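Visitor: Structure incoming, see below.
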Amino acid sequence: PVGTSGWVEHDPLEVLHRCKECIDGAVAEFRGVGHGDGHVIRALGVTNQRETLVVWDRETGQPLVNAIVWLDTRTRETTDRLRGSVDEALVRQRTGLPISTYFTGVKLRWLLDHNEDVRRALHQGSAICGTIDSWIVWNLTGGVHVTDVTNAGRTMLMNVKTCSWDEQMLEMLDIPRSCLPEIRSSSEVYGFVKGTELDGVPLAGILGDQQSALVGQSCFDIGDAKCTYGTGCFLIVNTGTQLVYSNHGLLTTPAYQLGKDQPVVYSLEGSIAVAGAAISWLKENLGLIQEPSDMESLASSVPDSGGVVFVPAFSGLFAPRWRQDARGTIVGMTLSTTKAHLCRSVLESIAFQVCDILQATELDISHPLHQLRADGGAAVNNLLMQLQSDLLGIPVHCPVVLETTALGVAFAAGLAVKLFQEVDQLRSHWKLDRGFIPSIPIQKREEMLRLWERAVTRSLGWVDDEPRNDQEDEQG
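Just so we're aligned, residue 76 is where the sequence shown starts under my numbering, counting upward by one.
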């Protein structure tokens, strides 16, 4: 909204409309390629951007306000107040998360404080709320109000050990439990679809987008790691059924629960705010490239970045540094610097940031990772993937199906309706498309990482008018 700094909103009705449009369009294409009646489709799953909050009327189904999106920062004062009144270490212990503007519970607290209609409706029981998955499922099933452990785990309201709503957190934030959805596993039949071309089909899978990509990448063993390269980057490492609390700026969060009788599997997650967004910045703001696909050829036209290092801290640095006072910085330019060097430095910046998260992960789990599985739109860039392997010093593998987020929740829905009998059966569906192995000497890698650290140091301290907390505004 105009004049409301830090606000980011979605129209929930438009989200729902686009979702139904997508379902009907996909079924039409399915029929168009000779698969006959769309009802041979066995199940439907929902994967979604996590943490975004929707509040709607229990009877009419109409949203009370626009959805508050995951990266909205209007709740800064709310989080500052919480930090001053509660023990943040206790919050981390109970939820696996820090106090941050990012998480849904803080957004809900802000609405209760600032919107009288919402406050009255939630306390009277005439309104309910949830993350985007809850909103979509409620509408597609005719009123089933549920979420799964991966989405509930990003609200700062769920006890990460029991995977149930935490009474102490609800009391701390003064949120009525009655307005929240029921927490279920990521793979079970929640209800049946109504109002689309898939009427009567079981809705049988729910996964937050990054966890869904983890499942789609068949990362089912402890230490398996995937990174999704999109507008930002999200790296998740499977830590098994044991909780691992991070001491290095990462989030402890459920990875999946593939069946109501199955155990919850946990993960450590780190996020990067600006990855593919930096490529868009080169195109839209600077005009250095015509299309994102131009990046690879232009950056490949020079052997290195010519000493240029780019730190894309446009909105601060996220995991594992959490420096809100950082800002975008380019260092090392000379009169010989060309746009090719700048483009290469942007690709390197993405790979450098992933290195930071992977190093933090290895410290938390006390052993090195041996490979990284990559997906997302930017993973089509072969130079980026090679740079990533070079800087990590481990292989990077890209699957045939890069849209692993959709694939993961399809796996979850398929398990629920016995299309797949067990998790191990899913592994055979992962196929390698491209593999990258380290190609530079260790000394060169270490030199590049040292330059990155020097550049990051120079990006810090540019915003002095706001109090800094090293772990404020964690994203993931």
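Note that beta-carbon positions come from the ideal geometry of N, C-alpha and C, so glycine has one too. What you are looking at is a predicted structure, and each value in this text was computed from that prediction instead of being measured.
#1: Report the three-state DSSP secondary structure of E134 (helix, strand or coil).
#2: DSSP puts S355 in a beta bridge; with which residues?
#3: Would you mind sorting V90 into buried or exposed? The rule is 16 or more other CB atoms within 10 Å of its CB.
#4: So which of K335, V144 and L88 has the shortest CA-CA distance to A488?
#5: In terms of residue numbering, what span does the beta strand (DSSP E) encompassing A300 cover?
#6: I believe V130 touches A227 by the beta-carbon criterion, under 8 Å. Please report the beta-carbon distance rounded to the nearest angstrom.
#7: Check for me: the beta strand (DSSP E) holding R448 runs from which residue to which?
#8: Within the chosen definition, does the stretch 468–477 reach the stretch 364–382 through at least 3 CB pairs nearer than 8 Å?
#9: Beta-carbon within less than 7 Å of V144's beta-carbon, same chain only, minus the 5 sequence neighbours each way: which residues are those?
#10: Below 8 Å on the Cβ atoms is my guess for S342 versus D439; work out the distance and round it to an integer in Å.
#11: Work out the CA separation of S411 and V384 for me, nearest whole Å.
#12: Sorted by chain position, which residues of the same chain lie with C-beta nearer than 8 Å to L357's C-beta, five sequence neighbours on each side aside?
#13: Are the beta-carbon atoms belonging to V386 and C238 less than 8 Å from one another?
#14: Mind checking L507: buried by the 16 CB within 10 Å criterion, or exposed?
#15: For V166, name the three-state secondary structure that DSSP assigns.
#16: Hey, out of S376, C294, S424 and L333, whose CA is closest to I560's CA?
#17: Helix, strand or coil: how does DSSP classify R402 here?
#18: Hey, could you find the ends of the beta strand (DSSP E) I258 is sitting in?
#19: Between the stretch 441–454 and the stretch 257–274, are three or more C-beta pairs nearer than 8 Å?
#20: What residues are listed by DSSP as bridge partners for L392?
#21: DSSP on F427, reduced to helix/strand/coil?
#22: Alpha helix (DSSP H) containing F105: first to last residue?
#23: Please return the same chain residues whose Cβ sits closer than 8 Å to the Cβ of T135, not counting the five positions on each side in sequence.
#24: Alpha carbons only, please: which of N214, G324 and L326 is nearest the one belonging to D274?
#25: Looking at C-alpha atoms only, which residue of L88, E191 and L278 is the closest neighbour of V219?
#26: Rounding to the nearest angstrom, what Cα-Cα distance links T480 and N123 in this structure?
#27: With respect to 7 Å, is the separation between the Cβ of G270 and the closest non-hydrogen atom of the ligand HEM below this value?
#28: Would you give the residue range spanned by the alpha helix (DSSP H) that F32 belongs to?
#29: Can you tell me where the alpha helix (DSSP H) holding F267 begins and where it ends?
#30: Whole angstroms is fine: what's the gap from T222's alpha carbon to V140's?
#31: Cα separation between P367 and A118?
Guide: Let's see:
#1: Your numbering for residue 134 matches position 59 in the sequence shown. Assignment of E134 by DSSP, reduced to helix, strand and coil, places it in the coil class.
#2: The sequence position of residue 355 within the sequence shown is 280, counting from 1. The partner list for S355 (beta bridge, DSSP) is empty, contrary to what the question assumes.
#3: To locate residue 90, count along the sequence shown from 1; it is residue 15. With 16 or more other Cβ atoms inside 10 Å of its own Cβ, V90 counts as buried.
#4: Within the sequence shown, the letter at position 413 stands for residue 488. Comparing Cα positions, the closest option is K335.
#5: Working through the sequence shown from its first residue, we reach residue 300 at position 225. Residues A300 to Y304.
#6: What you label residue 130 is simply residue 55 of the sequence shown in a count that begins at 1. What you label residue 227 is simply residue 152 of the sequence shown in a count that begins at 1. Incorrect: roughly 16 Å between the Cβ atoms, too far for contact.
#7: On the sequence shown, residue 448 is found 373 positions in, with the first residue counted as 1. That run of the beta strand (DSSP E) goes L447 to D450.
#8: In short, these stretches do not touch, since the Cβ pair count stays below three.
#9: Numbered from 1 along the sequence shown, position 69 holds the residue referred to as residue 144. So the list reads V83, E84, H85 and T127, once near-sequence residues are dropped.
#10: Translated into positions along the sequence shown, residue 342 becomes position 267. Translated into positions along the sequence shown, residue 439 becomes position 364. That belief does not hold up - the Cβ atoms of S342 and D439 are roughly 11 Å apart, past 8 Å.
#11: For the purposes of this step, residue 384 is taken as residue 309 along the sequence shown, with counting starting at 1. For the purposes of this step, residue 411 is taken as residue 336 along the sequence shown, with counting starting at 1. C-alpha separation (whole angstroms): 14 Å.
#12: Taking the sequence shown and counting its residues from 1, one reaches residue 357 at position 282. Only L363, I364, M370, L417, C418 and V421 meet the Cβ criterion.
#13: Taking the first residue of the sequence shown as position 1, residue 386 is located at position 311. Taking the first residue of the sequence shown as position 1, residue 238 is located at position 163. No. Outside cutoff.
#14: Position 432 of the sequence shown, counting from 1, holds the residue named residue 507. Exposed, because fewer than 16 other Cβ atoms sit within 10 Å of the Cβ of L507.
#15: Counting from 1 along the sequence shown, the entry for residue 166 is found at position 91. Three-state result, V166: helix.
#16: Here the chain covers residues 76 to 551 and nothing more, so residue 560 does not appear.
#17: Counting from 1 along the sequence shown, the entry for residue 402 is found at position 327. In the structure shown, R402 sits in coil (DSSP, three-state: anything other than H, G, I, E or B).
#18: Working through the sequence shown from its first residue, we reach residue 258 at position 183. Residues E257 to R259.
#19: no
#20: Position 317 of the sequence shown holds residue 392. DSSP output for L392 lists R398 as bridge partner(s).
#21: Here the question's residue 427 lines up with position 352 in the sequence shown. Three-state result, F427: helix.
#22: The residue labelled residue 105 in the question sits at position 30 within the sequence shown. P87 to F105 is the span of the alpha helix (DSSP H), which, as asked, contains F105.
#23: The residue you call residue 135 lines up with position 60 of the sequence shown. Excluding positions up to five away in sequence, the list is empty.
#24: The count along the sequence shown starts at 1 and reaches residue 274 at position 199. For D274, the nearest C-alpha among the options comes from N214.
#25: Locating residue 219 in the sequence shown gives position 144, where the first residue counts as 1. When each option's Cα is compared against that of V219, the closest is L278.
#26: Along the sequence shown, read from residue 1 onward, the residue named residue 480 stands at position 405. Along the sequence shown, read from residue 1 onward, the residue named residue 123 stands at position 48. Answer to the nearest angstrom: the Cα atoms are 9 Å apart.
#27: Within the structure as shown, the ligand HEM is missing, as the structure has no ligands at all.
#28: Because residue 32 is not part of the residues shown, which for the chain are 76 to 551, the question remains open.
#29: Numbered from its first residue, the sequence shown carries residue 267 at position 192. Segment S262 to F267 is the beta strand (DSSP E) holding F267; no alpha helix (DSSP H) there.
#30: On the sequence shown, position 147 is the one that residue 222 refers to. On the sequence shown, position 65 is the one that residue 140 refers to. Straight-line Cα distance between these residues: approximately 20 Å.
#31: For this step, residue 367 is matched to residue 292 along the sequence shown. For this step, residue 118 is matched to residue 43 along the sequence shown. C-alpha separation (whole angstroms): 35 Å.
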